[in-house]
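Comments concern the structure below.
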DNA sequence: TATTCATTCAACCTTTTGGTTGAATAATAC
DNA sequence: GTATTATTCAACCAAAAGGTTGAATGAATA
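Chains as they are written, first to last, in this note's numbering: chain A, 1 to 116; chain B, 117 to 232.
Shown next, in the form of structure tokens:
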């Protein structure tokens, strides 16, 4: 009896780990076998294999089996969802500047009152 | 002895929980007291308070104390970081289409070979 | 066929997470 | 001054996360 876990949940959670973000970055260079992917990481191959599975679960990585070798490929589509969700808040990014703008406007109004 | 946790780690992790994303969405309407913020959530006030603390830790929420009331405010700046990281991969979003393009080009080349 | 290689599976461990309840704190209202 | 209200703190709990090691599986190679 699983409760629903959205794509966005999975994508954000997958990307919350720095090792997994490094994996994503690494795969932009092209396909890699699990072993080769794991090379620069200071952890066991098994640990990397687990991270890959998390990324797969989030749809961020695709696996192509060729004999005993598994080639991993970046599938960035879920990042688009992340970007879409995030960009909803674009107008809040400069909140402080907006607040400053409002403050300046307010001050302007006050100045005007003073001149009546 | 904490190991380093990046801003991006904190932001992604904070946003990986659907309740916290709802909180962020809710706060776009303006400041809210903790109690009011918690109203629509089917969990204890304490649970919401904890979520707020996670969002604060990631810099996504700011707290303004006024007497016994705490007013919470959205600080979307960390979302900009998330968007920046994510947009690095924009050109991979349409990977499948690119792959199709490459395939079609390849096929075109093959056709050309056949005509030599 | 026996061995090596690429990878996962399984079990285990520690820390973190997301929730609960009950008590503490501190400001407001009666 | 005594309730009441707003919020956190603290302890607890179950489940998940991130890592380890060792065994299993299945292909390739000698």
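Ideal Cβ positions, reconstructed from N, Cα and C, are used throughout, including at glycine.
- Residues of chain A with a Cβ closer than 9 Å to the Cβ of residue 193 (chain B) are, in chain order, 92, 93, 94, 95, 96.
- Between the stretch 11-20 of chain A and the stretch 124-140 of chain B, the count of C-beta pairs closer than 8 Å reaches three or more; the two stretches touch.
- Distances from the alpha-carbon of residue 5 (chain A) to those of A:51, A:68, A:57 put A:57 closest.
- In this structure, residue 141 (chain B) sits away from residue 83 (chain A), with a CB-CB distance that is not shorter than 8 Å.
- Taking the C-beta atoms as reference points, residue 52 (chain A) is found no nearer than 8 Å to residue 41 (chain A).
- Assignment of residue 191 (chain B) by DSSP, reduced to helix, strand and coil, places it in the coil class.
- Residue contact check for residue 89 (chain A) against chain B: a CB pair falls below 8 Å.
- Between residue 146 (chain B) and residue 194 (chain B), the alpha-carbon positions lie close to 18 Å from each other.
- For residue 119 (chain B), the number of other beta carbons within 10 angstroms of its own is below 16, and it is reported as exposed.
- Contacts between residue 198 (chain B) and chain A, judged by CB atoms closer than 8 Å, involve 82, 86 in chain order.
- Residue 190 (chain B) sits close to residue 144 (chain B), with the two beta carbons spaced by under 8 Å.
- Listed along the chain, the chain A residues whose CB falls inside 8 Å of the CB of residue 152 (chain B) amount to none; the nearest CB is some 19 Å away.
- The beta carbon of residue 74 (chain A) falls within 8 Å of a beta carbon belonging to chain B, placing the residue at that interface.
- Along the stretch 141-166 of chain B, going in chain order, the ones with a CB nearer than 7 Å to a CB of chain A are 144.
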